[in-house]
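Numbering (our numbering), first residue to last: 134 to 214. The C-beta atom is built at its ideal place from N, Cα and C for all residues, glycine as well.
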């Protein structure tokens with residue numbers, strides 16, 4: 134009986150360890166800051182914190198994120214571009 138409990142305990146610990154989220158260094162990508170106007174002209178750019186020029190792909194910004202920023206931060210964003 135002790136062996137079964139021990140096996141289940143080890144199995145539980147193994148499953149718990151495998152399901153733990155890990156800090157993946159590939160997810161922590163640094164990007165340079167880039168600002169474009171409505172005609173896709175570059176208004177400004179800043180280098181990333183690791184002193185590398187690394188531009189994000191413009192089509193990777195989720196629509197929900199854009200909507201949230203426009204809703205809570207700057208409702209008249211498109212009016213003054």
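Beta-carbon proximity check, residue i vs residue j, cutoff 7 angstroms
| i | j | result |
| --- | --- | --- |
| residue 176 | residue 183 | no |
| residue 188 | residue 165 | yes |
C-alpha distance - residue i paired with residue j, whole-angstrom precision
| i | j | result |
| --- | --- | --- |
| residue 141 | residue 150 | 14 angstroms |
| residue 179 | residue 143 | 50 angstroms |
| residue 152 | residue 145 | 11 angstroms |
| residue 137 | residue 148 | 16 angstroms |
| residue 209 | residue 190 | 24 angstroms |
| residue 202 | residue 194 | 11 angstroms |
| residue 155 | residue 139 | 26 angstroms |
| residue 173 | residue 204 | 22 angstroms |
Endpoints, the alpha helix (DSSP H) within which residue i is located
| i | result |
| --- | --- |
| residue 188 | From DSSP, residue 188 is part of no alpha helix (DSSP H); its letter is neither H nor E. |
| residue 210 | Premise fails: residue 210 is in no alpha helix (DSSP H) and is neither H nor E. |
Same chain, Cβ closer than 8 angstroms to residue i, neighbours up to 5 away in sequence not counted
| i | result |
| --- | --- |
| residue 163 | 181, 182, 183, 185 and 187 |
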